[in-house]
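Just so it is clear: in the sequence shown, position 197 is 178 by my numbering, and no numbers are missing. In this text, a Cβ means the ideal position worked out from N, Cα and C, and glycines have one as well. Predicted model, so just to flag it, every value in this text is computed and none were measured. These notes are about the structure you will find just below.
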Amino acid sequence: MIPAQVELPMQVRQEILPAPLLIAVLFMLALAVLIKSNYGKLLIQDFNIFLQRAYNLNTRFNDRGGIYRNYLFWSDLLFVTAASAFIHLCNLRFHCFPLRPEAAPVTLPLAAVAIYLFYVTKHSIARGFGGLMQAGQLFRSYLSYMWLSLRVLGILLVPCVLLLPFLPVLWAGRLVMGVCILFALLVVIRWTKGYTRNVDAGFSIVYYILYLCTFEFIPLLIIWKLCVSAG
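What follows is the structure, given as structure tokens:
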């Protein structure tokens, strides 16, 4: 078993790094370098805000300066690129989703479009839900924190995407499970801080739970599928 797994990386270099994926990885690296070089302070601030116990994000996210808007654009694009590349690699290595081999070239762009549309749609519906419940500012802060956690995850996914194609099967599976646990942890932290803020603001916990059940459990189902396939 072990010698066969050790031989896998050479095969992976030939079969799991097609041109579209290689282009996506290079683009991901270029985005990471761009963010680190031009927006390093904002990146560090994002990590610090995410680790703060308090959930007071109004001052940070009310900044609409041009530099900050550019940082949001590039860092959100990095998350979409890294997440879609990671899912594509997981599918190629562990066959997580029932896709035909001839569909492999379009899996990566489809994953990127699906991730982007899901979170944009979720953002729009949540904004509408918050307005309907007369809690627009509360939901805006929550969604801002959601995008912040996704930007943090996007940065952390960069080394994982670089390592995944070249690891033996056993260690690749452990890496995938580690990323899935990390994603679930980020979601739980977001839920916990959102719950605390809702209680402080007097918002109905019933509506908050309804929102979680409707819009937050779908990504966890996908993560569970990846864990089961990699394990």
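- [ ] Identify which residue in Phe54, Arg132, Asn51 and Phe99 has its Cα closest to the Cα of leucine 167.
- [x] Arg132
- [ ] Report the residue from Leu143, Gln26 and Phe120 whose alpha carbon sits nearest the alpha carbon of methionine 9.
- [x] Leu143
Task: Contacts around methionine 127, its chain only, beta-carbon distance under 7 Å, and the 5 residues preceding and following it disregarded - done: Arg171
Open item on the list: With H, G and I counted as helix, E and B as strand and the rest as coil, what does DSSP make of leucine 148?
Closed with: coil
Open item on the list: In this structure, how does DSSP classify tyrosine 20 when only helix, strand and coil are distinguished?
Closed with: coil
Open item on the list: Along the chain, where does the alpha helix (DSSP H) containing histidine 69 start, and where does it finish?
Closed with: 47 to 75
TODO: Report yes if the C-beta distance between tyrosine 20 and tyrosine 52 is below 7 Å; otherwise report no.
DONE: yes
Open item on the list: Quick check on this structure: which residue in Cys194, Tyr123, Gly135 and Phe31 has the alpha carbon closest to the alpha carbon of isoleucine 68?
Closed with: Gly135
Open item on the list: Buried or exposed for serine 105, going by 16 or more other Cβ atoms inside 10 Å?
Closed with: exposed
Task: cysteine 161 to glycine 154 span [Cα, whole Å] - done: 11 Å
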